Amino acid sequence: MYGTISDEKTVDVPAAEAWNLYSTLQLAKVVEEALPGLISRIDVIQGDGGAGTILELVFPPGLEGGLKSYKEKFTVVDHEKRVKETEVVEGGYLDLGFTLYRVRFEVIEVEGNEKQCVTRSTIEYELKEEAAANVALVSIQPLTAIMQLSAQYLLRDNNNGGN
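Residue numbers for the sequence shown, in full-length UniProt numbering: 1 to 163.
Written out as C-alpha coordinates, the structure reads:
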(Lines of atoms letter the chains of each structure in order from A and count residues from 1; the text may use other names and numbers.)
(Lines give C-alpha, C1' and ligand atoms only; values in the text may rest on other atoms or scores of the structure.)
Protein backbone atom coordinates (compact mmCIF):
# COMPACT_ATOMS: atom_id res chain seq x y z
CA MET A 1 0.00 0.00 0.00
CA TYR A 2 1.43 3.34 -1.09
CA GLY A 3 0.24 6.82 -0.23
CA THR A 4 1.14 10.45 -0.02
CA ILE A 5 -0.31 13.44 1.84
CA SER A 6 0.81 17.05 1.93
CA ASP A 7 -0.01 20.51 3.21
CA GLU A 8 1.38 23.96 2.56
CA LYS A 9 1.54 27.36 4.18
CA THR A 10 2.27 30.82 2.79
CA VAL A 11 4.82 32.74 4.86
CA ASP A 12 5.62 36.45 4.62
CA VAL A 13 9.40 36.04 4.48
CA PRO A 14 11.75 35.59 1.52
CA ALA A 15 12.26 31.99 0.38
CA ALA A 16 16.00 32.20 1.08
CA GLU A 17 15.30 33.11 4.70
CA ALA A 18 12.83 30.24 5.19
CA TRP A 19 15.29 27.83 3.55
CA ASN A 20 18.00 28.97 6.00
CA LEU A 21 15.79 27.47 8.73
CA TYR A 22 14.44 24.39 6.93
CA SER A 23 17.80 23.33 5.49
CA THR A 24 19.69 23.28 8.79
CA LEU A 25 19.59 21.59 12.19
CA GLN A 26 18.09 24.83 13.53
CA LEU A 27 14.66 23.50 12.50
CA ALA A 28 15.07 20.54 14.88
CA LYS A 29 16.06 22.90 17.72
CA VAL A 30 13.04 25.14 17.13
CA VAL A 31 10.67 22.14 17.05
CA GLU A 32 12.20 20.50 20.12
CA GLU A 33 11.92 23.70 22.19
CA ALA A 34 8.43 24.69 21.11
CA LEU A 35 6.58 21.38 20.76
CA PRO A 36 7.41 19.24 23.81
CA GLY A 37 4.03 17.53 23.55
CA LEU A 38 4.95 16.32 20.07
CA ILE A 39 8.64 15.50 20.53
CA SER A 40 10.52 14.93 23.81
CA ARG A 41 13.94 15.42 22.26
CA ILE A 42 15.90 15.26 19.04
CA ASP A 43 19.45 13.90 19.14
CA VAL A 44 21.97 14.33 16.33
CA ILE A 45 23.49 10.86 15.84
CA GLN A 46 25.78 11.91 13.00
CA GLY A 47 26.24 14.76 10.57
CA ASP A 48 25.95 18.53 10.46
CA GLY A 49 22.56 18.95 8.79
CA GLY A 50 23.57 18.02 5.25
CA ALA A 51 22.64 14.86 3.34
CA GLY A 52 23.60 11.82 5.40
CA THR A 53 22.76 13.44 8.74
CA ILE A 54 20.96 11.06 11.12
CA LEU A 55 18.67 12.26 13.89
CA GLU A 56 16.91 10.29 16.59
CA LEU A 57 13.47 11.62 17.47
CA VAL A 58 12.18 10.61 20.91
CA PHE A 59 8.47 11.00 21.62
CA PRO A 60 6.61 11.56 24.89
CA PRO A 61 4.94 8.51 26.49
CA GLY A 62 1.40 7.74 25.38
CA LEU A 63 1.73 9.05 21.83
CA GLU A 64 -0.85 7.62 19.42
CA GLY A 65 0.35 4.38 17.85
CA GLY A 66 2.83 3.81 20.64
CA LEU A 67 5.74 5.46 18.82
CA LYS A 68 8.64 5.77 21.24
CA SER A 69 11.45 6.85 18.92
CA TYR A 70 12.92 6.46 15.48
CA LYS A 71 15.99 7.45 13.54
CA GLU A 72 15.69 9.44 10.35
CA LYS A 73 18.32 10.17 7.74
CA PHE A 74 18.52 13.31 5.60
CA THR A 75 18.60 11.77 2.11
CA VAL A 76 18.30 15.03 0.13
CA VAL A 77 19.32 18.57 1.03
CA ASP A 78 19.11 20.45 -2.28
CA HIS A 79 19.96 24.13 -1.74
CA GLU A 80 19.22 25.03 -5.37
CA LYS A 81 15.69 23.56 -5.44
CA ARG A 82 15.19 24.19 -1.69
CA VAL A 83 14.10 20.62 -1.02
CA LYS A 84 14.95 18.50 2.03
CA GLU A 85 13.94 14.86 2.38
CA THR A 86 14.28 12.56 5.36
CA GLU A 87 13.53 8.85 5.63
CA VAL A 88 12.96 6.74 8.71
CA VAL A 89 15.89 4.29 8.81
CA GLU A 90 15.37 2.58 12.18
CA GLY A 91 12.49 1.95 14.58
CA GLY A 92 9.21 3.84 14.73
CA TYR A 93 7.15 3.44 11.59
CA LEU A 94 9.41 0.65 10.30
CA ASP A 95 8.47 -1.40 13.38
CA LEU A 96 4.79 -0.88 12.52
CA GLY A 97 4.91 -2.43 9.04
CA PHE A 98 5.97 0.57 6.97
CA THR A 99 8.65 -0.15 4.37
CA LEU A 100 9.04 3.56 3.55
CA TYR A 101 8.27 6.69 5.56
CA ARG A 102 9.66 9.79 3.86
CA VAL A 103 9.10 13.44 4.76
CA ARG A 104 9.81 16.19 2.26
CA PHE A 105 10.02 19.90 3.05
CA GLU A 106 9.99 22.36 0.15
CA VAL A 107 10.40 26.14 0.21
CA ILE A 108 8.92 27.72 -2.91
CA GLU A 109 9.36 31.32 -4.02
CA VAL A 110 6.14 33.21 -4.69
CA GLU A 111 6.48 34.57 -8.21
CA GLY A 112 6.33 38.34 -8.26
CA ASN A 113 6.69 38.66 -4.48
CA GLU A 114 10.23 38.18 -3.20
CA LYS A 115 9.10 38.82 0.38
CA GLN A 116 6.83 35.77 0.47
CA CYS A 117 7.24 32.02 0.07
CA VAL A 118 5.26 28.81 0.38
CA THR A 119 6.42 25.99 2.62
CA ARG A 120 5.14 22.55 1.65
CA SER A 121 5.41 19.35 3.66
CA THR A 122 4.74 15.94 2.15
CA ILE A 123 4.66 12.46 3.67
CA GLU A 124 5.25 9.57 1.30
CA TYR A 125 4.80 6.05 2.64
CA GLU A 126 4.63 2.40 1.74
CA LEU A 127 3.04 -0.14 4.02
CA LYS A 128 2.96 -3.94 4.01
CA GLU A 129 -0.54 -5.23 3.24
CA GLU A 130 -0.72 -7.13 6.54
CA ALA A 131 -0.14 -3.83 8.39
CA ALA A 132 -2.66 -1.84 6.33
CA ALA A 133 -4.62 -0.80 9.45
CA ASN A 134 -1.58 1.26 10.54
CA VAL A 135 -2.20 3.68 7.68
CA ALA A 136 -4.32 5.54 10.27
CA LEU A 137 -1.03 6.54 11.97
CA VAL A 138 -0.02 8.65 8.96
CA SER A 139 -0.99 12.24 9.73
CA ILE A 140 0.09 15.52 8.18
CA GLN A 141 -0.92 17.34 11.42
CA PRO A 142 2.53 17.20 13.07
CA LEU A 143 4.12 18.66 9.92
CA THR A 144 1.42 21.31 9.70
CA ALA A 145 2.25 22.24 13.31
CA ILE A 146 5.96 22.41 12.42
CA MET A 147 5.23 24.67 9.41
CA GLN A 148 3.08 26.94 11.59
CA LEU A 149 5.75 27.06 14.29
CA SER A 150 8.45 27.74 11.69
CA ALA A 151 6.39 30.56 10.19
CA GLN A 152 5.98 32.17 13.62
CA TYR A 153 9.71 31.78 14.31
CA LEU A 154 10.65 33.32 10.94
CA LEU A 155 8.21 36.21 11.29
CA ARG A 156 9.39 36.94 14.84
CA ASP A 157 13.02 36.82 13.71
CA ASN A 158 12.20 38.99 10.67
CA ASN A 159 10.38 41.58 12.79
CA ASN A 160 13.32 41.74 15.21
CA GLY A 161 15.66 42.75 12.40
CA GLY A 162 16.89 39.16 11.85
CA ASN A 163 19.14 38.22 8.93
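By construction, the Cβ of each residue, glycine as well, lies at the ideal position given by its N, Cα and C atoms.
None of the values given here were measured: they were computed from a predicted structure.
Cα-Cα separation, residue i to residue j
i: Tyr93; j: Pro61; result: 16 Å
i: Leu149; j: Ala28; result: 11 Å
i: Arg156; j: Gln116; result: 15 Å
i: Asn134; j: Leu96; result: 7 Å
i: Ala18; j: Glu90; result: 29 Å
i: Glu56; j: Asp12; result: 31 Å
i: Thr4; j: Glu126; result: 9 Å
i: residue 188; j: Lys128; result: No answer is possible for residue 188: it lies beyond the span of the chain, which begins at 1 and ends at 163.
i: Leu143; j: Glu114; result: 24 Å
i: Gly52; j: Thr24; result: 13 Å
i: Ala34; j: Lys73; result: 22 Å
i: Ala16; j: Thr10; result: 14 Å
i: Phe59; j: Lys71; result: 12 Å
i: Leu67; j: Leu154; result: 29 Å
i: Ile146; j: Glu130; result: 31 Å
i: Val44; j: Pro36; result: 17 Å
Residue(s) in a DSSP beta bridge with residue i
i: Arg41; result: Val58
i: Val138; result: Paired residue(s): none; Val138 is not in a bridge.
i: residue 164; result: Within the shown structure, residues of the chain are numbered from 1 to 163, placing residue 164 beyond reach of any answer.
i: Val107; result: Thr119
i: Ser6; result: Thr122
i: Val13; result: Answer is none; Val13 lacks a bridge partner.
i: Lys73; result: Ile54, Glu87
Residue i versus the options, residue with shortest Cα-Cα distance
i: His79; options: Ala145, Tyr2, Asn20; result: Asn20
i: Pro14; options: Met1, Glu111, Ser121, Lys128; result: Glu111
i: Glu124; options: Phe98, Lys71, Ile45; result: Phe98
i: Tyr22; options: Ala151, Asn158, Gly47; result: Ala151
Integer-rounded CB distance, given that residue j should sit under 8 Å from residue i
i: Val118; j: Glu8; result: 5 Å
i: Ser6; j: Arg120; result: 6 Å
i: Val77; j: Gly50; result: 5 Å
Exercise. Are there three or more Cβ pairs, one per stretch, closer than 8 Å when the segment 80-89 is compared with the segment 105-112?
Worked result: With the cut-off at 8 Å, the segment 80-89 and the segment 105-112 touch.
Problem set entry | Cβ contact (3+ pairs, closer than 8 Å) linking the segment 130-141 and the segment 39-47 | The segment 130-141, when compared against the segment 39-47, does not touch it at the 8 Å Cβ threshold.
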